[in-house]
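Colleague:
Residue numbers (our numbering): 20 to 997.
1. Are there three or more Cβ pairs, one per stretch, closer than 8 Å when the segment 791-798 is compared with the segment 703-710?
2. Taking all protein chains shown into account, decide if residue 177 is buried (16 or more other Cβ within 10 angstroms of its Cβ) or exposed.
3. Residue 291 to residue 754, Cα distance in whole Å?
4. Is it true that the segment 851-858 meets the segment 802-818, where meeting means three or more beta-carbon pairs spaced less than 8 Å apart?
5. If we count the other Cβ atoms within 10 Å of its Cβ and call it buried at 16 or more, is residue 79 buried or exposed?
6. Between residue 389 and residue 562, is the Cβ-Cβ spacing less than 9 Å?
7. What whole-angstrom Cβ distance do residue 635 and residue 647 have, given they're in contact under 8 Å?
8. Please identify the residue among 215, 280, 317 whose C-alpha is closest to the C-alpha of residue 273.
9. Alpha carbon to alpha carbon, how far is residue 912 from residue 979? Give it in angstroms, no decimals.
10. Cβ of residue 405 versus every heavy atom of the ligand GTP: is any distance shorter than 8 Å?
11. Tell me which residues share the same chain as residue 22 and place their Cβ nearer than 8 Å to its Cβ, disregarding the 5 neighbours each side in the sequence.
12. Suppose only complete runs of 3+ residues qualify. What are the beta strand (DSSP E) ranges in the segment 375-415, listed by chain order?
13. Would residue 761 pass as a contact of residue 819 if the rule is Cβ separation under 9 Å?
14. Cutting at 8 Å between CB atoms, please list the residues of its own chain near residue 720, excluding the five before and the five after it.
15. What does a CB cutoff of less than 6 Å around residue 387 pick up in its chain, not counting 5 residues either side in sequence?
16. Would you check if the segment 527-541 and the segment 45-59 touch, i.e. whether three or more CB-CB distances between them fall below 8 Å?
17. By the three-class DSSP mapping on this structure, what secondary structure does residue 951 have?
18. Closest to residue 70 by CA distance: which of 589, 92, 166 is it?
19. Would you say residue 636 reaches chain B, if we count a Cβ-Cβ gap shorter than 9 Å as a contact?
20. Which ranges does the beta strand (DSSP E) cover as unbroken runs of at least 3 residues, wholly within the segment 908-989, from first to last along the chain?
21. How do the segment 279-286 and the segment 444-459 stand: do at least 3 beta-carbon pairs fall below 8 Å, yes or no?
22. Could you please give me the residues that DSSP links to residue 156 through a beta bridge?
23. Which residue from 926, 935, 866 puts its Cα closest to that of residue 899?
24. Note down, in chain order, each residue of its chain lying with its Cβ closer than 6 Å to the Cβ of residue 665, except the 5 sequence neighbours on either side.
25. What are the start and end residues of each continuous beta strand (DSSP E) run of 3 or more residues lying completely inside the segment 29-113, in chain order?
26. What residue range does the beta strand (DSSP E) around residue 520 cover?
27. Using the three-state DSSP reduction, which class does residue 538 fall into: helix, strand or coil?
28. For residue 744, which of helix, strand or coil comes out of DSSP?
29. Under three-state DSSP, which class holds residue 242?
30. For residue 532, does the three-state DSSP call read helix, strand or coil?
31. Given this structure, state the Cα-to-Cα distance separating residue 377 from residue 418, to the nearest angstrom.
32. Tell me whether the segment 393-408 and the segment 538-558 touch, counting them as touching only if at least three CB pairs, one residue from each stretch, are closer than 8 Å.
33. How close, in whole Å, do the beta carbons of residue 316 and residue 413 come, if the pair is a contact with beta carbons under 8 Å?
34. Counting pairs of beta carbons, one from the segment 428-441 and one from the segment 483-500, are three or more of them closer than 8 Å?
35. Could you give the uninterrupted runs of the beta strand (DSSP E) lying entirely in the segment 768-831, keeping only those of 3 residues or more?
36. Give every residue of the same chain whose Cβ lies closer than 6 Å to the Cβ of residue 410, excluding the five residues on either side of it in the sequence, and list them in chain order.
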């Protein structure tokens with residue numbers, strides 16, 4: 020209901036919206052929650068497990084109940100907190116976790132079965148009969164699980180990520196945060212002030228109090244206006260700092276356009292990474308509940324939230340209001356409700372010595388609320404008093420205050436633990452928990468407005484002075500300075516279910532049951548009961564739960580401790596964290612310089628990592644890819660072929676110690692390599708398995724170029740960076756990826772040198788350019804690099820030019836190749852050529868193979884150490900019964916082999932226990948007139964010449980194979996050296 024004369028919404032600007040398809044009206048400045056409350060909508064959701072009716076509980080991001088889906092279709096955004104969602108014209112919102120409707124939810128029957136669904140029931144049920152799990156239990160659980168649902172459609176909404184740098188980051192826009200920002204800014208520091216709210220002032224926006232003689236909200240708006248005029252201040256409203264990380268880095272989520280009906284080109288959200296030299300945390304405090312029977316009824320709210328809806332938005336959930344608390348702050352709610360003309364039917368204070376500070380309202384010191392009545396909305400509350408006194412009071416709304424918990428989450432993100440403070444019966448931040456962060460105001464347990472203003476100013480000055488700025492404290496404005504008194508009360512004893520975690524349906528009984536079943540650790544209790552594991556992360560219930568656990572286990576609260584606080588502080592959409600990664604941003608298309616020429620020749624393009632490479636180059640009359648592939652293989656073996664190999668990773672390394680660095684990175688020795696020479700290398704991961712292979716060329720005394728496989732280029736770059744930082748920090752080594760800077764082409768075949776000598780300014784021969792040689796060359800005066808290396812097994816070279824000349828060089832190479840009876844070849848032919856020679860790719864070094872497995876054990880030098888060497892020699896890593904690389908060909912010529920097929924002894928059943936290995940790569944060899952394969956076979960090197968059985972269960976193919984050496988063509992390598 021709307022309360023005349025209250026609230027700061029603009030009642031001259033009505034706003035229309037829908038909820039569950041029904042039209043409603045609100046005002047500019049409303050949230051969805053306040054607009055629904057103003058329209059007398061009390062039921063807004065259903066709980067997760069029991070589907071109990073739920074109403075609005077809080078007024079901020081800690082809301083566990085009022086979760087809705089806003090917008091529709093592909094733009095649907097589930098699990099949006101109605102307490103944060105600002106109202107805009109045409110807003111569509113629907114409730115969640117109910118069927119067929121919010122008012123009549125069939126799964127509400129779960130509440131009747133609650134005795135069977137107690138804490139940990141999922142650990143004890145669904146175990147019999149075994150066959151029911153996949154057929155019944157799992158489908159049923161999956162259908163019932165979750166709250167909101169994604170649309171399943173591609174979302175075209177824009178999201179962004181951004182970076183910001185500052186001297187002082189002030190987190191929280193309340194009175195402490197405003198004063199901290201003002202003081203640091205006046206001292207000359209670059210300041211960012213981030214506020215979760217759409218406006219600044221924090222609790223001042225929700226209170227009926229004055230600061231410096233003006234209404235608190237007016238004073239805050241004026242100060243924010245002053246800060247906005249300062250060039251060294253950036254104000255960031257609607258921005259929640261979600262995490263604290265090493266090095267003064269903070270994550271923050273800005274809601275850029277969630278409050279707009281038509282965002283246009285603006286992103287919906289922006290995820291910020293803020294680097295701050297100092298931080299001041301003024302995140303305030305969160306009110307906690309008191310558990311009693313049926314305290315989850317719609318209309319039961321936090322007392323501070325009830326006051327916020329009245330003072331800021333001018334709404335209330337009903338005309339008759341009761342207030343229940345154990346601290347002085349509850350009295351402020353009763354006072355404000357009474358002054359606004361609402362009927363305060365009871366102010367219940369559990370402290371027997373409490374005094375009435377709310378004015379002329381029914382006051383019950385030493386009493387407690389024992390039960391709430393009503394189904395889909397509160398109707399009455401039961402009060403119990405001294406000596407068994409009892410009274411039932413009719414009420415539409417009940418504000419509950421169990422005290423305030425400082426919002427300490429960000430101070431714990433670097434493994435700090437908060438400290439218990441008996442003065443406020445809550446946890447406060449540990450000093451120095453986050454290096455460079457100062458905590459001020461309610462976030463450190465200071466609850467009077469005047470003290471918050473003073474602490475904020477002092478924290479701002481301290482942060483600025485730590486950075487070398489000098490400044491004075493501003494005049495602290497006059498404000499409320501009442502003391503805060505609270506007496507512990509976590510739950511009211513009695514029968515029935517008293518609720519703690521409203522979203523996950525966790526009760527006091529559940530926590531006590533966890534303790535009885537010896538889940539005494541707060542972390543174990545959390546997982547056993549799911550307490551604090553909902554979208555609100557237990558912000559309003561965790562302290563009560565651990566206090567009840569402490570009591571149940573006979574410990575005090577500090578000894579019981581807290582659960583681990585982890586980022587993010589509020590839910591963050593994956594789209595915001597992964598901004599820029601939608602569509603092609605997720606998998607960018609990378610094209611070689613020869614891409615257009617390849618497409619023009621009709622080559623189908625295939626993905627190789629993020630690159631697009633030609634599969635084959637069809638010619639007129641060829642009907643299948645095999646025909647083109649076979650022709651290209653023969654062409655390379657008999658004449659000359661051109662292949663773009665620019666996609667291979669290329670890393671330029673420079674420095675006096677590159678040789679020693681490579682010795683540590685590779686299994687074999689590189690420091691002895693002479694300038695102008697190339698060497699093949701094998702790289703291991705820390706665990707001893709093969710990471711990558713490739714060649715490295717020493718161009719000059721201190722400059723080297725490493726090549727990697729296409730798929731592993733990024734991983735190898737990261738690996739090198741890690742090795743240098745972790746182990747080789749003192750070495751003179753620098754490296755950078757130059758993959759995109761050079762276009763590189765393989766020229767392979769018996770006529771490769773003939774082709775090049777017609778192109779190079781100075782011809783080459785075996786004497787001047789032997790196998791594994793490298794060096795500078797020139798083409799028409801253009802500087803280039805030439806490497807005599809071969810992946811095809813033929814006499815071959817790779818020529819590299821700056822990328823801007825790549826397209827032109829490719830056309831020139833093709834023209835000269837075609838005059839010699841050659842031409843381009845693609846990935847299919849390249850694969851066949853390397854299988855014929857037994858060369859490995861990541862089909863073989865797939866992350867589970869060692870140097871021993873692929874037959875390269877002798878490449879692991881005994882004279883030096885290298886990454887992965889020790890773990891590669893573990894027992895079981897070099898045993899004969901490991902699966903070893905072998906070649907395979909069918910006994911019957913022309914029969915097909917298939918990649919992915921498994922290998923078995925002849926006569927053995929094709930079942931898992933008899934599995935001897937698998938095939939990784941296959942191809943038809945036109946050179947040998949048969950299918951060839953590479954694979955791994957248990958003790959394979961000792962089984963050359965044996966016949967084994969290949970079974971492809973997926974394709975239904977079986978074949979008898981001969982085990983061979985991996986090298987099937989030109990075993991002595993004469994062709995590539997000739």
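Even for Gly, the Cβ is constructed at its ideal location relative to N, Cα and C. Here the structure is a predicted model, which is why all the values come from computation and not from measurement.
Modeller: Reading off the structure:
1. Too few Cβ pairs lie closer than 8 Å, so no.
2. The C-beta of residue 177 has 16 or more other C-beta atoms within 10 Å across all chains shown, which makes the residue buried.
3. Rounded to whole angstroms, the separation of the alpha carbons of residue 754 and residue 291 is 29 Å.
4. Between the segment 851-858 and the segment 802-818 there are three or more inter-stretch CB-CB distances shorter than 8 Å, so the stretches are counted as touching.
5. Under the 10 Å beta carbon count, residue 79 is surrounded by 16 or more other beta carbons and is classified as buried.
6. It is not a contact, given that the beta carbons lie outside the stated cut-off.
7. Correct: roughly 4 Å between the Cβ atoms.
8. Sorting 215, 280, 317 by C-alpha distance to the C-alpha of residue 273 places 215 at the top.
9. Cα to Cα, residue 979 sits roughly 11 Å from residue 912.
10. What this structure holds is no ligand at all, so the ligand GTP is not there to describe.
11. In its chain, beyond the 5 residues on either side, 329, 333, 334, 335, 359, 360, 361 have a beta carbon closer than 8 Å to the beta carbon of residue 22.
12. Taking only runs of at least 3 residues, the beta strand (DSSP E) segments lying wholly in the segment 375-415 are 382-384, 387-392, 399-403, 409-413.
13. Yes; because the gap between Cβ atoms is below 9 Å, this pair is in contact.
14. If we look at residue 720 and ignore the five residues flanking it on each side, its Cβ neighbours are 694.
15. Taking C-beta separations shorter than 6 Å and ignoring five residues to either side along the sequence, the partners of residue 387 in its chain run 369, 403, 511, following chain order.
16. Flag = no, the segment 45-59 and the segment 527-541 do not touch.
17. Three-state result, residue 951: strand.
18. For the residues 589, 92, 166, the minimum Cα distance to residue 70 belongs to 166.
19. Looking at the structure shown, chain B is missing, and only one protein chain is on hand.
20. DSSP runs (the beta strand (DSSP E)) wholly in the segment 908-989: 921-923, 936-944, 949-957, 966-971, 976-983.
21. Contact annotation: the segment 279-286 does not touch the segment 444-459, with fewer than three C-beta pairs closer than 8 Å.
22. BP columns for residue 156 are empty, so no partner.
23. Ranked by how close their Cα comes to the Cα of residue 899, the residues 926, 935, 866 have 935 in first place.
24. Excluding residues up to 5 positions away in sequence, 611, 762, 763 lie with their Cβ nearer than 6 Å to the Cβ of residue 665 in the same chain.
25. Fully enclosed beta strand (DSSP E) runs of 3 or longer: 29-38, 41-47, 86-89, 96-100.
26. Run containing residue 520: 518-520, per the beta strand (DSSP E) assignment.
27. Coil.
28. DSSP places residue 744 in helix when its eight states are reduced to three.
29. DSSP places residue 242 in helix when its eight states are reduced to three.
30. The answer is helix: DSSP assigns residue 532 an H, G or I state.
31. Distance between residue 377 and residue 418, taken at the CA atoms: about 14 Å.
32. Three or more beta-carbon pairs separated by less than 8 Å are not found between the segment 393-408 and the segment 538-558, which leaves the two stretches without contact.
33. Not a contact, Cβ separation roughly 14 Å.
34. The segment 428-441, when compared against the segment 483-500, does not touch it at the 8 Å Cβ threshold.
35. For the segment 768-831, the full-length beta strand (DSSP E) segments reaching 3 residues or more read 793-798, 801-806, 815-821 along the chain.
36. 402.
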